[in-house]
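Chemist:
As structure tokens, then:
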């Protein structure tokens, strides 16, 4: 993007980019971070359940912890979701005056491997309210807990200081998010849309980006229903109370998430600038933890009946099997989607770079029909990118390149103009082709209209296209060549801007 402002890039204190830097291998760093995420998810949930909720039956704690750790957590999110039970366990330990150095270490380290804006920006105030309620109820405010929560928040402020700097000081630049327009983007979201989103989120538990699938629909929900029936018949009031509170919180969060995309609610909140640029629907990201906590509560009630242990064991075993079978490492292979190495196809792009015969730093490229991250990963200087924040004036300059294509298709026009995190070369003929580029080698652009003068003004010299641009001459382009490699699923055509 011709030089993103530093505030638009990840924090230098986040451990994932630090891992990439020191290991000097993105894939190894990715694998290492995945290990940390799932390891922390398992032991965090295990400790929380054993220490504070399911003390009477370790098998439930181990089983539910295993299930929780097998969720396909968003890799880039680090411990933003997976670390929630670990932090909650530490805070509860401190509250019970049986904390160890491990608890304080967890509070100090987790912010370096998480993102405040994903989940903890909600977790911190919610736990703060819980602390206030507990202090009023017991008339003995636990100052150690408050200190721990303050330390946790302070470290996050330190780690994400650039985010706060952007909001609280004179802005270094005007971000493209200033033009977010959720009123127009969700103008058709009426009451039926609200109801559909509520029940879809409640029973499938996908956010819009499908970032945190919970997979609670087939086994966890029936287990909870069964537990509710048992608690009502057997009059297990304590079990019914904690299960009911957990589900109530899930329903409240789901309702808030649904309202956030409802046109009348958007119109009401759009008058507040902070709500325009920050996604408060991310409250839903804490739901995976709540669902598996409710699962543990349900199983602890089920084991009290005859054959209850066998039933609980069956629920856990089937859920583990279900999570394994739905893991992206398996499902993506079954769909025959590219592997990590195939997706980035380093050998193919080295061949392309060699054919261009210029130093990569001396020219800029854009990608058509594929994610710009592929070219970026392979050392090309890209004008296009998916980034959550960049300069507004750059977005306007880039828009000139694709303005004719946007005019042909309302969906991609709204997608770019009203949101715009994906600063891509969108096309009207196949607007979202980049999702499945390996499967569509034979696709053709017959009537592509790009403003190559605008592209040249940004320093653009080459177009890397996964799709055949039939009318490339009409766009002032020259075909350098078509490139394939036996280790890659792509056919990349390179066009030079005349």
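Numbering (this note's numbering), first residue to last: 14 to 511.
Where a beta carbon is used, it is the ideal one built from N, C-alpha and C, also for glycine.
The structure displayed is predicted, hence computed values, not measured ones.
Following the continuous beta strand (DSSP E) through residue 492, name the residue where it begins and the one where it ends.
Modeler: Numbered from 1 along the chain shown, position 479 holds the residue referred to as residue 492. 490-497 is the extent of the beta strand (DSSP E) around residue 492.
Chemist: Taking C-alpha atoms, which residue in 497, 42, 191 and 144 lies nearest to residue 361?
Modeler: The count along the chain shown starts at 1 and reaches residue 361 at position 348. Closest option to residue 361, Cα to Cα, is 497.
Chemist: If we ignore side chains and look at the alpha-carbon of each, how far apart do residue 188 and residue 108 end up?
Modeler: Counting from one through the chain shown, the residue named residue 188 turns up at place 175. Counting from one through the chain shown, the residue named residue 108 turns up at place 95. Residue 188 and residue 108: Cα-Cα distance of roughly 41 angstroms.
Chemist: Looking at the structure shown, is residue 235 part of a helix, part of a strand, or coil, going by DSSP?
Modeler: Here residue 235 refers to the residue found at position 222 when the chain shown is read from its first residue. It is helical.
Chemist: What's the gap between the Cα of residue 359 and the Cα of residue 249?
Modeler: The sequence position of residue 359 within the chain shown is 346, counting from 1. The sequence position of residue 249 within the chain shown is 236, counting from 1. Distance between the alpha carbons of residue 359 and residue 249 is about 60 angstroms.
Chemist: Apart from the five residues just before and just after residue 324, which ones in its own chain have a Cβ nearer than 7 angstroms to its Cβ?
Modeler: In the chain shown, counting from the first residue as 1, residue 324 sits at position 311. Only 315 meet the Cβ criterion.
Chemist: Identify the continuous alpha helix (DSSP H) that holds residue 428 and give its terminal residues.
Modeler: As a working mapping, residue 428 is identified with position 415 in the chain shown. Segment 423-430, the alpha helix (DSSP H) holding residue 428.
Chemist: In three-state DSSP terms, what is residue 221?
Modeler: The residue labelled residue 221 in the question sits at position 208 within the chain shown. Residue confidence is low: residue 221 scores 48 on pLDDT, short of 50, so the model does not pin down where it sits. No coordinate-derived value is stated.
Chemist: Going by CA-CA distance only, name the one from 244, 165, 172 and 119 that's closest to residue 138.
Modeler: If you number the chain shown from 1, residue 138 lands on position 125. Cα-wise, what sits closest to residue 138 is 165.
Chemist: Using a 10 Å radius around the Cβ and a threshold of 16 neighbouring Cβ atoms, would you call residue 354 buried or exposed?
Modeler: The residue labelled residue 354 in the question sits at position 341 within the chain shown. Exposed is the call here.
Chemist: Could you tell me which of 191, 29 and 171 sits nearest to residue 517, measuring between CA atoms?
Modeler: An answer regarding residue 517 cannot be provided, because it is not within the stretch 14 to 511 covered by the chain.
Chemist: Going by alpha carbons, who is nearest to residue 500 out of 318, 363, 510 and 407?
Modeler: Sequence index remark: in the chain shown, residue 500 carries index 487 (1-based). If we check each option's Cα against that of residue 500, 363 comes out closest.
Chemist: Would you report the Cα separation of residue 232 and residue 262, rounded to the nearest angstrom?
Modeler: By 1-based counting over the chain shown, the position of residue 232 is 219. By 1-based counting over the chain shown, the position of residue 262 is 249. Their Cα atoms are separated by approximately 20 angstroms.
Chemist: State the start and end residues of the unbroken beta strand (DSSP E) segment that holds residue 380.
Modeler: Start at 1 with the first residue of the chain shown, and residue 380 comes out as number 367. Element bounds for residue 380: 377-381.
Chemist: For the region 471-483 against the region 378-392, do three or more pairs of beta-carbon atoms, one drawn from each stretch, fall closer than 8 angstroms, so that the two count as touching?
Modeler: Contact holds: three or more Cβ-Cβ distances are below 8 angstroms.
Chemist: May I have the straight-line CA-CA distance separating residue 97 from residue 57, to the nearest angstrom?
Modeler: In the chain shown, counting from the first residue as 1, residue 97 sits at position 84. In the chain shown, counting from the first residue as 1, residue 57 sits at position 44. Approximately 8 angstroms between the Cα atoms of the pair.
Chemist: Assuming contact is defined by CB atoms lying nearer than 8 angstroms, are residue 112 and residue 214 in contact in what I supplied?
Modeler: To locate residue 112, count along the chain shown from 1; it is residue 99. To locate residue 214, count along the chain shown from 1; it is residue 201. Cβ atoms of residue 112 and residue 214: not closer than 8 angstroms.
Chemist: Applying the 10 Å Cβ sphere with the 16-neighbour rule, what's the burial state of residue 440?
Modeler: What you label residue 440 is simply residue 427 of the chain shown in a count that begins at 1. Result: buried.
Chemist: In whole angstroms, what separates the C-alpha of residue 6 from that of residue 348?
Modeler: Past the boundaries of the shown model lies residue 6; the chain is included only from 14 to 511, so the question cannot be answered.
Chemist: Measure the C-alpha to C-alpha separation of residue 481 and residue 510 and round it to an integer number of angstroms.
Modeler: As a first step, residue 481 must be located in the chain shown, where it is residue number 468. As a first step, residue 510 must be located in the chain shown, where it is residue number 497. So the alpha carbons of these two residues sit roughly 16 angstroms apart.
Chemist: Using beta-carbon positions only, say whether residue 55 and residue 82 come within less than 8 angstroms of one another.
Modeler: Position 42 of the chain shown, counting from 1, holds the residue named residue 55. Position 69 of the chain shown, counting from 1, holds the residue named residue 82. Yes. Within cutoff.
Chemist: Name the two residues that bound the continuous beta strand (DSSP E) containing residue 478.
Modeler: Here residue 478 refers to the residue found at position 465 of the chain shown. From DSSP, the beta strand (DSSP E) with residue 478 extends over 473-478.
Chemist: Contact defined as beta carbons within less than 8 angstroms: I believe residue 172 pairs with residue 400. What is the distance between those atoms, to the nearest angstrom?
Modeler: The residue you call residue 172 lines up with position 159 of the chain shown. The residue you call residue 400 lines up with position 387 of the chain shown. Incorrect: roughly 19 angstroms between the Cβ atoms, too far for contact.
Chemist: Taking the alpha-carbon of residue 507 as reference, which of 427, 432, 370 and 365 has the nearest alpha-carbon?
Modeler: Translated into the one-based positions of the chain shown, residue 507 becomes position 494. Looking at the Cα atoms, 365 is the closest of the given residues.
Chemist: Alpha carbon to alpha carbon, how far is residue 123 from residue 29?
Modeler: For the purposes of this step, residue 123 is taken as residue 110 along the chain shown, with counting starting at 1. For the purposes of this step, residue 29 is taken as residue 16 along the chain shown, with counting starting at 1. Taking the straight line from one Cα to the other gives about 12 angstroms.
Chemist: Give every residue of the same chain whose Cβ lies closer than 6 angstroms to the Cβ of residue 221, excluding the five residues on either side of it in the sequence, and list them in chain order.
Modeler: Walking along the chain shown from the start, residue 221 turns up at place 208. Unreliable positioning characterises residue 221 in this predicted model, as indicated by a pLDDT of 48, which lies under 50. The coordinate reading is nonetheless provided below. Hits under 6 angstroms: none found.
Chemist: Pop quiz: residue 33 and residue 42 are said to be a contact at Cβ under 8 angstroms. What is the actual Cβ separation, rounded to whole angstroms?
Modeler: The residue labelled residue 33 in the question sits at position 20 within the chain shown. The residue labelled residue 42 in the question sits at position 29 within the chain shown. Contact holds; Cβ gap of about 4 angstroms.
Chemist: Does any CB atom of chain B fall closer than 8 angstroms to the CB of residue 189?
Modeler: This model lacks chain B altogether; it includes just one protein chain.
Chemist: So the candidates are 503, 463 and 130; which of them puts its Cα closest to the Cα of residue 388?
Modeler: As a working mapping, residue 388 is identified with position 375 in the chain shown. Residue 388 has its Cα closest to that of 503, out of 503, 463 and 130.
Chemist: Would you mind working out which of 140, 159, 133 and 185 sits nearest residue 170, comparing C-alpha positions?
Modeler: Indexing the chain shown from 1 puts residue 170 at position 157. Of the candidates 140, 159, 133 and 185, the one whose C-alpha sits nearest the C-alpha of residue 170 is 133.
Chemist: If you drop the 5 nearest sequence neighbours on each side, which residues of the same chain put their C-beta closer than 8 angstroms to that of residue 118?
Modeler: Your numbering for residue 118 matches position 105 in the chain shown. Correct list: empty, nothing qualifies.
Chemist: What number of angstroms, rounded off, separates the C-alpha of residue 305 from the C-alpha of residue 205?
Modeler: In the chain shown, the residue the question calls residue 305 occupies position 292. In the chain shown, the residue the question calls residue 205 occupies position 192. Spanning the two alpha carbons is a distance of roughly 29 angstroms.
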